[in-house]
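Participant: Just dropping this structure here.
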Amino acid sequence: MTYSQFTLRHCLTTLAMVSVFASSTWADDAKIHSYVTRYCVECHGSDTTEADLDLSGLSGTANIQVLFATYDQSALHNMPPDYAQQPTSRERTEFLRSLDETLKSKGHDRTRQPGYGNLIEHAELFTEPTVRRAATPARIWRLDVDSFIERARAATANEKLFYDNRNNAKPVSFPYQTPDHTFLDYANVHAFDSSTTEMLLLEADLVVDQFMSRQWKRYVRQSQGDDQALWSAVFTTITGQPPEPSQLEALLALHAQSKQDLGETVADRLTVKAILLRPNVLFRFELGAGEPDKLGRRYLSPTEAATALGYAVDVAGPDSNLMQSLSRVDLDDRQQLRAILRPYVEREAMRARLLRFAHEYFEYPRAQEVFKDADMHAYQPQRLVQDADQFILRIIDEDHDVLRQWLTSSNYYVHGMFNYTGTKISPIRKLNGYKDYHRNYNLPPSDVHKYPEWVAMPSSQRAGILTHPAWLLAFSDNEKNQAIQRGRWVTTKLLGGMVPDAPVEVDARLPEDESLTLREKMHVTQAQQCIHCHRHMDPLGLPFEQYDLFGQFRTQEKSKPVVTTGELWGSKVSGPIPYVTQLAESRQVKQVFLRHLFRFFTGRNETLDDAPTLIDMETAYDDSAGSLKATVLSLLTSDSFLYRTDDTSTVKSP
0 MTYSQFTLRH
10 CLTTLAMVSV
20 FASSTWADDA
30 KIHSYVTRYC
40 VECHGSDTTE
50 ADLDLSGLSG
60 TANIQVLFAT
70 YDQSALHNMP
80 PDYAQQPTSR
90 ERTEFLRSLD
100 ETLKSKGHDR
110 TRQPGYGNLI
120 EHAELFTEPT
130 VRRAATPARI
140 WRLDVDSFIE
150 RARAATANEK
160 LFYDNRNNAK
170 PVSFPYQTPD
180 HTFLDYANVH
190 AFDSSTTEML
200 LLEADLVVDQ
210 FMSRQWKRYV
220 RQSQGDDQAL
230 WSAVFTTITG
240 QPPEPSQLEA
250 LLALHAQSKQ
260 DLGETVADRL
270 TVKAILLRPN
280 VLFRFELGAG
290 EPDKLGRRYL
300 SPTEAATALG
310 YAVDVAGPDS
320 NLMQSLSRVD
330 LDDRQQLRAI
340 LRPYVEREAM
350 RARLLRFAHE
360 YFEYPRAQEV
370 FKDADMHAYQ
380 PQRLVQDADQ
390 FILRIIDEDH
400 DVLRQWLTSS
410 NYYVHGMFNY
420 TGTKISPIRK
430 LNGYKDYHRN
440 YNLPPSDVHK
450 YPEWVAMPSS
460 QRAGILTHPA
470 WLLAFSDNEK
480 NQAIQRGRWV
490 TTKLLGGMVP
500 DAPVEVDARL
510 PEDESLTLRE
520 KMHVTQAQQC
530 IHCHRHMDPL
540 GLPFEQYDLF
550 GQFRTQEKSK
560 PVVTTGELWG
570 SKVSGPIPYV
580 TQLAESRQVK
590 QVFLRHLFRF
600 FTGRNETLDD
610 APTLIDMETA
620 YDDSAGSLKA
630 TVLSLLTSDS
640 FLYRTDDTST
650 VKSP
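Heads up: the sequence shown begins at 0 in numbering that gives the first Met the number 0, then just goes up one per residue.
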């Protein structure tokens, strides 16, 4: 079987048949037909049906499997193969756009789903379009779990609500449903089904209990017997905005009827619970208001804009000052809007938002979930994650050349060493690591003192978050490094590529011969049925073999010299430090990073219509000497963030 045969056959066998064309054919679309004729039928025509696939005369027998496989292999630049004539970036983009529309017409819109954003042609996202028409489809976005917690804590004045000292448990009615390695808060994937709704009702009772026991008497006292003032104040506290006259009237009627039927105490609780379960408490409405412009776009209403922007800069949502300011601002006046938002991006709440972005982007907090058969004094992943947090936050606070610093800085925060071995808990234990903490960083004991401090790591051993023990641990398991997963992370998060999932029939296990190094075991990934995916991962993950499964720098493995060579953009790299340095200097890496920043704050994947927003974000980043806050401010005041359209696929042409 040839390489091209396997490439398509792999995708065809890993996708179940969903539906068949009824009336539409590729020949109906001139762009698709022209592209297929020029770049595909030489291998997949009536005379040369490689992979048993003939694309020369598609008709009603074509199926969704073929469309998916063709889209993926074209988007990943696997097809046409390297030795064949290659389309231009524009040709490939137009082909993918047309094929995407065909898939959407059949009910398959993967490029909008988490995990598939990189299928969009990267070069076109940073090419200025003829018409700037960026907008987000109108949507109703379920509240993020952390936002729900913060609102509940604020309403009840209980900072420990939903907090469990053992595991910091979160409300179970807000389960995360996004795929691995993607941002958690995507607007179009979270919903309430019957089981989560039942749990939400129980959790609402908990919030009401806390509100009634801690806050209710204060509201009653302040209202001085005025029911309208009482319920207006309660409504405003819980929802974040004052009630409309009709809403207040309905609440008063509900309370009066409940009081008559069930008694005052039950009526009070029932009415508070009714407010807590209102749609605008559990959901974010972003539908747009007013007359659409010539491109079919509408601005967010003042309340919607305050909600969207408020949750972008603070997990707790907008405060009253932001609500009032945005009720008076014209969203066309972007300069004034930036002036309103600028103080908010400097607040502690925004600092926490950017830390959460770093958590979900770099994924290093996963280190705490990796089990090791090890002496607990030598393996404290939660403290290493805390060290990494401080590393990330310091660069956020400096807000200069942020991405490069995240990828290359060797100034690490390190917990001190805790040497006490008795039964009595030392008061410094919470501040420090354990007696062997220096080993995590390959530091001599004399360099790690009693309390946490900043340490300049040897530049030949550590550079940035990708060589930090926390990140390395996150991509390891109990017995070995996960070089393949590290390479996959670089492919998707830094290079903007995609790697298909392994087919179910492939045995993905490495040899169990303990005399072999991991690199030697990975020779099995060079097999024909594996290499077309692993060539996107293995060369990008193997430089990190400089570190063992605890993230410690090493020069030998299995009594053999560690080989740390890899490959980046067709050129060899000799080890992790020159490797991450080269990544940090790449404009493409910076642009892909901005694409992920876009996804985090907008809750969706970028589309080709968002190109102007991404271009402006890059300009803001460059003009501000790499300020992350200036870049986010550019995004929050962009057309992509402020406009909504009813068209869920593309904005209308002028």
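Beta carbons are placed, not taken as given, at the ideal position from N, Cα and C, and that holds for glycine.
Quantities reported herein were computed from a predicted structural model and do not represent experimental measurements.
#1: So which of Arg393, Asp372 and Gln367 has the shortest CA-CA distance to Thr382?
#2: Take Phe361 as the anchor and find which of Val271, Leu250 and Pro468 has the nearest alpha-carbon.
#3: Assess, as a yes-or-no matter, whether the stretch 293-307 is touched by the stretch 634-647 under the definition of 3 or more beta carbon pairs within less than 8 Å.
#4: What span of residues does the beta strand (DSSP E) with Asn431 cover, start to end?
#5: Taking only runs of the alpha helix (DSSP H) that begin and end inside the stretch 207-240, which ones reach a length of at least 4 residues, in chain order?
#6: Is it true that the CB of Val401 sits closer than 9 Å to the CB of Arg355?
#7: Do Val489 and Leu430 count as a contact pair if the criterion is CB distance below 9 Å?
#8: Using CA coordinates, which residue listed in Val572, Phe597 and Tyr411 is at the minimum distance from Lys492?
#9: State the start and end residues of the unbroken beta strand (DSSP E) segment that holds Ala455.
#10: Residues in its own chain within less than 6 Å of Ala486 by CB, not counting five upstream and five downstream?
#11: Please report the distance separating the alpha-carbon of Ser570 from that of Tyr363.
#12: Can you check DSSP and say which residues form a bridge with Lys571?
#13: Any idea what DSSP makes of Met322, helix, strand or coil?
#14: For Pro86 and Tyr34, which I take to be in contact (beta-carbon distance under 8 Å), what is that distance rounded to the nearest angstrom?
#15: Helix, strand or coil for Asn480? Go by DSSP, reduced to three states.
#16: Flag Ala469 as yes when its Cβ comes closer than 8 Å to any non-hydrogen atom of the ligand NAP, and as no otherwise.
#17: Given a cut-off of 9 Å, decide if Val579 and Ala455 are closer than it, judged by their beta-carbon atoms.
#18: Please report the Cβ distance between Phe125 and Glu617, rounded to the nearest whole angstrom; I am assuming they are in contact, meaning their Cβ atoms lie under 8 Å.
#19: Residues in the same chain with beta-carbon distance under 7 Å from Leu142, minus the five sequence neighbours each way, listed in chain order, please.
#20: Nearest to Cys532 by CA position, among Thr195, Pro244, Met78 and Val40, is which residue?
#21: Relative to the C-alpha of Ile391, which residue among Gln379, Pro380 and Gln404 is closest?
#22: Just to confirm my understanding: we take Gly574, look at its own chain, exclude 5 residues before and 5 after, and list those with CB closer than 7 Å. What are they?
#23: The beta strand (DSSP E) with Arg141 in it runs from where to where?
#24: Comparing alpha-carbon positions, which option in Ala203, Leu494 and Glu556 lies nearest Leu711?
#25: Can you tell me whether His254 is buried or exposed? The criterion is at least 16 other CB atoms within 10 Å of its CB, across all chains shown.
#26: Measuring straight from C-alpha to C-alpha, what distance separates Leu276 and Glu202?
#27: Are the Cβ atoms of Asn439 and Pro457 separated by less than 9 Å?
#28: Please classify Arg220 as buried or exposed, where buried requires at least 16 other C-beta atoms within 10 Å of its C-beta.
#29: Are the beta-carbon atoms of Pro242 and Ser231 separated by less than 9 Å?
#30: Within 10 angstroms of its Cβ, does Thr60 collect 16 or more other Cβ (buried), or is it exposed?
#31: So, with DSSP's three-state summary, where would you put Glu285?
#32: Might you give, ordered along the chain, the residues of its own chain that have their beta carbon closer than 7 Å to the beta carbon of Arg91, omitting 5 neighbours on each side?
#33: Let's test the definition: count the other Cβ atoms within 10 Å of the Cβ of Gln209 and tell me whether it reaches 16, buried, or not, exposed.
#34: Buried or exposed: Asp99, going by 16 or more other Cβ atoms within 10 Å of its Cβ?
#35: Who are the Cβ neighbours of Trp140 in its own chain at under 7 Å, not counting the five residues just before and after it?
#36: Can you tell me where the beta strand (DSSP E) holding Thr644 begins and where it ends?
Facilitator: A quick look at the data gives this:
#1: A small correction: the amino acid at residue 382 is Arg; Thr does not occupy that position in the sequence shown. If we check each option's Cα against that of Arg382, Gln367 comes out closest.
#2: Pro468
#3: As far as the Cβ criterion goes, the stretch 634-647 touches the stretch 293-307, which means the pair count is three or higher.
#4: Asn431 to Tyr433
#5: Taken in chain order, the complete alpha helix (DSSP H) segments of 4 residues or longer contained in the stretch 207-240 are 215-222 and 226-238.
#6: no
#7: no
#8: Comparing Cα positions, the closest option is Phe597.
#9: For Ala455, the uninterrupted beta strand (DSSP E) run begins and ends at Glu452 to Ala455, by DSSP.
#10: The sequence as given places Gly at residue 486; Ala does not occur at that position. Hits under 6 Å: Met536, Asp537, Leu539 and Gly540.
#11: 28 Å
#12: Partner(s): Glu566.
#13: Per DSSP, reduced to three states, the secondary structure at Met322 is helical.
#14: Between Tyr34 and Pro86 the Cβ distance is about 7 Å, and since that is below 8 Å, they are a contact.
#15: strand
#16: No copy of the ligand NAP occurs in the structure displayed, which carries no ligand at all.
#17: no
#18: 7 Å
#19: Taken in chain order, the residues that qualify are Leu281, Phe282 and Arg283.
#20: Met78
#21: Gln404
#22: Pro542, Gln545 and Thr563
#23: Arg138 to Arg141
#24: A query on residue 711 cannot be resolved here, the shown segment of the chain reaching from 0 to 653 and no further.
#25: buried
#26: 11 Å
#27: Not in contact: Asn439 and Pro457 (Cβ atoms no closer than 9 Å).
#28: exposed
#29: yes
#30: With a pLDDT of 37 at Thr60, under the threshold of 50, the modelled position of this residue cannot be trusted; read the value that follows with caution. Thr60 should be labelled exposed.
#31: Here Glu285 sits in strand by DSSP.
#32: Within the same chain, Cβ atoms closer than 7 Å to the Cβ of Arg91 are found at Ser73 and Glu120, the five residues on either side in sequence being excluded.
#33: buried
#34: buried
#35: Ala186, Phe282, Arg283, Glu285 and Gly602
#36: Tyr642 to Thr644
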